[in-house]
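Using the working numbering, read the sequence shown as starting at 50 and increasing by one per residue. Below is one structure, written out as structure tokens; comments come after it.
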Amino acid sequence: MFLTIVGLLVLGGIAYGVVRALDKPENVAVAAPEVVEVQAEPTLEPVTLKDPSAFLAAMPPTVGPYSMTKAATLDPEKTTLTTRAAEVDDLTYSDGTTTLACVPSSTMTWPMPRLSTRRLAKDGTDPQPVTVGDKKVGQRVTIEGDPTKYVWRNGTAVFVLRGPAEALEGFWIQFPL
């Protein structure tokens, strides 16, 4: 009887080992890790606009790590812009280290002549589409220099962004207008 129990235990152990050896788990697909870049938060407090026009009030107070630190409305007749504009603003954005100048020009009262926009961006290279949803509403170009400029049109406004070349793309891609 004792030998029968020992034999059954040995056979059971062998059977268990054979089943485990033959029972290979299915290949499990492990999803690749998803890398999410955390956008830096602004460290500076944005300027408080006093009695802004509707156009100026539409400008974002923060863009990624940048805060609007200065804002002034310019007389469109006294600017060096080669385009007609209903309003021109001079904005400064900073992250505490890098400063960018943005000059948005509104054409809210009449259509922007395409020829004028082309003159403003005449030395531009690397054209990129400006889209709202799936609709192309304008184009952005790069004007190399010191400082480098991005010039873009979104259909109703023209923007000129100046600053260090390495900072412009990150700012522009997050700029909501």
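Heads up, the beta-carbon is just placed ideally off N, CA and C, and yes, glycines get one too.
Item, Value
"With H, G and I counted as helix, E and B as strand and the rest as coil, what does DSSP make of V112?", "strand"
"Excluding the 5 residues flanking Q223 on each side, which residues of the same chain have their C-beta closer than 6 Å to its C-beta?", "V112 and G113"
"Distance, Cα to Cα, R69 vs E90?", "54 Å"
"Around the Cβ of F220, are there at least 16 other Cβ atoms within 10 angstroms (buried) or fewer (exposed)?", "buried"
"Please classify A106: is it buried, with 16 or more other beta-carbons within 10 angstroms of its beta-carbon, or exposed?", "exposed"
"Have a look at Y115, E126 and A134 and flag the residue whose alpha-carbon is nearest the alpha-carbon of T205.", "A134"
"For the structure I just gave you, are there three or more beta carbon pairs, one from the region 95-102 and one from the region 198-215, closer than 8 Å?", "no"
"When you compare each of V67, M108, D138 and D72 to E126 by their alpha carbons, which one comes out closest?", "D138"
"Would you mind sorting E215 into buried or exposed? The rule is 16 or more other CB atoms within 10 Å of its CB.", "exposed"
"DSSP state of A134, grouped into three classes?", "coil"
"Of all the options T174, G173 and Q188, which has the alpha carbon lying nearest to the alpha carbon of T180?", "Q188"
"Can you tell me which of the three DSSP states L226 falls into?", "coil"
"Could you check what DSSP says for A121 in three-state terms: helix, strand or coil?", "strand"
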